[in-house]
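Residue numbers (UniProt numbering): 1 to 601.
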């Protein structure tokens with residue numbers, strides 16, 4: 001609908017939009033188009049491709065991927081994934097609120113068959129499943145896990161619908177194409193393994209090509225099918241990325257990305273005015289986000305400017321002359337762009353323009369110097385009782401961690417038998433944790449429900465930090481970086497996400513997935529969450545004295561040590577509980593079975 005101020009598209013935008021032919025990524029489908037004439041709103045910096053925002057776009061649709069309910073067109077910045085193809089959704093999409101089901105505009109136009117029996121990369125019949133499930137795409141496309149898959153009943157394989165759809169379309173591909181990024185010679189369609197003289201990767205995106213690709217043997221120039229069918233735009237202007245126009249250089253050249261500080265080997269977007277260079281996938285970096293190991297939002301900046309700084313995720317040095325993410329509240333806290341946007345660090349939500357709500361995370365109200373009112377026990381006040389290091393409180397247990405009060409200072413109820421270690425009483429009601437991308441809430445678990453901690457695998461019926469299915473006991477949920485442990489007092493420990501995170505713990509000598517590491521030089525010290533939260537002092541029924549956790553001896557001890565519980569010889573380098581390391585010590589080497597008697601469960 002034409003108006004004096006521009007084109008009116010009231011179905012998904014409230015302001016008049018101007019016809020626009022700048023080649024750019026659309027806020028409609030989130031994808032680059034080789035021909036992307038469209039409409040643009042300067043007030044909102046909102047652009048839609050003409051083919052996405054045409055008159056055929058309906059407010060409501062029925063789609064075979066979600067046959068039970070009608071889907072409604074939505075316009076909002078959700079930054080989630082299409083449940084059909086698992087591409088990240090931009091701002092226009094179809095949604096069913098009842099089922100929390102989202103469909104991007106690209107998939108809304110697809111009408112995939114229920115059965116495909118000629119899929120060239122798999123010999124068996126593939127059936128389209130209509131229920132969402134978690135799976136890794138066997139096409140190795142790199143997209144998010146899960147969605148609605150094509151699945152083989154005979155083999156344990158599944159494919160994104162979009163991946164199968166692209167493969168099926170290959171039957172109609174031209175044997176030879178003229179491509180705008182390689183105008184010297186036509187590209188020929190090849191099937192099978194790439195030539196030995198090539199690196200087997202697409203010149204534009206750097207992904208390994210599959211069995212069908214286009215190639216120029218004269219120039220050793222290779223493109224995969226997605227970059228042939230839907231090439232990235234040649235040039236773009238986006239002030240949020242760079243002040244000047246950026247142009248794609250389809251060349252094999254080593255460069256350092258100014259947005260993330262990491263090396264690249266091909267096809268960057270470059271600025272001819274100032275030499276700025278950026279990875280293609282760094283152009284779409286979010287502006288403001290939350291990461292799981294910092295309490296405040298972090299914002300993308302084009303120049304970090306913090307000299308001698310380290311990344312808050314990988315703990316490696318950051319190039320201060322490049323871009324990244326920084327915290328406006330905490331001077332010096334910076335994160336690599338690639339680290340901040342990892343799937344195990346960021347929840348995928350863009351927060352630019354979303355107001356930040358201040359929330360009360362304090363767990364108690366101070367009544368006087370030694371008295372508090374804790375949110376878990378509002379009916380009575382709790383009075384602080386200082387541990388004297390001599391009298392062991394074995395008859396009182398902390399309601400939060402379920403361990404005996406022991407020698408620690410604690411808060412006890414003046415009217416009933418309710419107690420909290422001082423450290424447990426100070427645990428925040430809401431906090432972020434390195435093992436989960438959403439903020440966790442401290443749940444008091446008054447029904448004494450037994451749960452399994454996702455960090456240490458111990459059973460507990462105490463307080464838990466919880467969000468959805470993620471449940472951490474209060475000890476593991478309270479761990480933050482840097483973490484200092486008496487078994488390794490000289491260096492702090494950090495949780496460093498890696499692809500293969502299974503490491504041998506120095507405490508229990510067991511291979512664990514989630515571990516805290518020392519990052520100093522070649523130290524290599526590793527501690528699992530279970531060992532990191534073992535109580536330092538315990539008491540056993542066979543002895544009247546409190547037993548202290550000993551972290552083993554660096555040198556092999558002379559003589560033999562024997563466990564007084566199992567009566568077996570022990571290794572002096574292993575952790576144990578002991579009363580004294582003098583002559584005839586009392587030692588408990590099997591720490592975990594011993595500790596099981598301390599739990600309430």
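Yeah, the Cβ is synthetic: ideal placement off N, Cα and C, and Gly gets one too.
Between residue i and residue j, what straight-line distance do the alpha-carbon atoms span, to the nearest angstrom?
i, j, result
"residue 462", "residue 14", "51 Å"
"residue 193", "residue 211", "6 Å"
"residue 136", "residue 63", "24 Å"
"residue 279", "residue 268", "5 Å"
"residue 7", "residue 48", "12 Å"
"residue 100", "residue 221", "43 Å"
"residue 233", "residue 180", "10 Å"
"residue 19", "residue 453", "55 Å"
"residue 175", "residue 68", "41 Å"
"residue 379", "residue 400", "17 Å"
"residue 300", "residue 287", "5 Å"
"residue 551", "residue 431", "30 Å"
"residue 530", "residue 394", "22 Å"
"residue 509", "residue 522", "19 Å"
"residue 326", "residue 37", "36 Å"
"residue 169", "residue 248", "Interpretation of residue 169 is limited by its pLDDT of 46, a score under 50 that renders its predicted location unreliable; the figure taken from the coordinates is listed afterwards. When rounded, the distance between both Cα atoms is 27 Å."
"residue 276", "residue 307", "20 Å"
"residue 257", "residue 263", "6 Å"
"residue 157", "residue 409", "55 Å"
"residue 57", "residue 73", "9 Å"
"residue 465", "residue 443", "6 Å"
"residue 337", "residue 235", "22 Å"
"residue 27", "residue 106", "12 Å"
From which residue to which residue does the beta strand (DSSP E) around residue i run?
i, result
"residue 48", "46-49"
"residue 437", "436-443"
"residue 159", "158-160"
"residue 428", "Counting along the chain, residue 428 falls outside any beta strand (DSSP E), and DSSP gives it neither H nor E."
"residue 404", "404-406"
"residue 467", "464-467"
"residue 396", "393-397"
"residue 19", "18-20"
"residue 523", "Residue 523 -> no beta strand (DSSP E), and no H or E assigned at all."
"residue 299", "298-301"
"residue 412", "410-413"
"residue 548", "547-550"
"residue 39", "38-41"
"residue 213", "212-216"
Find the nearest neighbour of residue i within the set the options, judged by alpha-carbon distance.
i, options, result
"residue 122", "312, 164, 271, 93", "164"
"residue 414", "434, 382, 432, 430", "382"
"residue 513", "465, 457, 549", "457"
"residue 438", "296, 306, 393", "296"
"residue 537", "547, 320, 565, 530", "547"
"residue 446", "488, 402, 453", "402"
"residue 455", "449, 340, 487, 435", "435"
"residue 423", "444, 113, 398, 158", "398"
"residue 540", "549, 533, 532", "549"
"residue 186", "159, 214, 197, 200", "214"
"residue 505", "183, 575, 224", "575"
"residue 573", "507, 528, 545", "507"
"residue 532", "517, 444, 544", "517"
"residue 407", "468, 535, 490, 319", "535"
"residue 114", "107, 108, 126", "126"
Hey, residue i and residue j are a contact pair by Cβ (cut 8 Å); roughly how many whole angstroms apart?
i, j, result
"residue 440", "residue 420", "Not confirmed; about 19 Å, so no contact."
"residue 283", "residue 241", "6 Å"
"residue 340", "residue 291", "6 Å"
"residue 386", "residue 322", "With 8 Å as the limit, residue 386 and residue 322 do not qualify as a contact, their Cβ atoms being about 50 Å apart."
"residue 293", "residue 519", "Residue 293 to residue 519, Cβ: 14 Å. No contact."
"residue 150", "residue 116", "6 Å"
"residue 202", "residue 209", "6 Å"
"residue 427", "residue 474", "6 Å"
"residue 80", "residue 102", "6 Å"
What are the boundary residues of the alpha helix (DSSP H) that residue i is part of?
i, result
"residue 12", "Segment: none, residue 12 is in no alpha helix (DSSP H) and carries neither H nor E."
"residue 226", "225-229"
"residue 475", "474-477"
"residue 422", "422-425"
"residue 530", "529-532"
For residue i, verify whether its CB is less than 8 Å away from any heavy atom of the ligand NAP.
i, result
"residue 229", "This structure simply doesn't include the ligand NAP, nor any ligand for that matter."
If we define contact as Cβ-Cβ less than 9 Å, is residue i a contact residue for chain B?
i, result
"residue 340", "You won't find chain B in this structure, because it holds only one protein chain."
Which residue spans inside the region 317-348 form an unbroken alpha helix (DSSP H) run of at least 4?
-> You should have 337-340.
Ignoring anything shorter than 3 residues or poking outside the region 178-206, list the beta strand (DSSP E) runs there in chain order.
-> 182-191
At 3 residues or longer, and completely inside the region 58-131: list those beta strand (DSSP E) runs for me, N to C.
-> 71-75, 92-96, 101-104, 126-128
Unbroken stretches of the beta strand (DSSP E), 3 residues or longer, contained in the region 351-387 = Segments of the beta strand (DSSP E) lying fully in the region 351-387: 364-368, 371-374, 382-385.
Can you list, in chain order, the stretches of the beta strand (DSSP E) that have 3 or more residues and sit fully within the region 259-307?
-> 298-301
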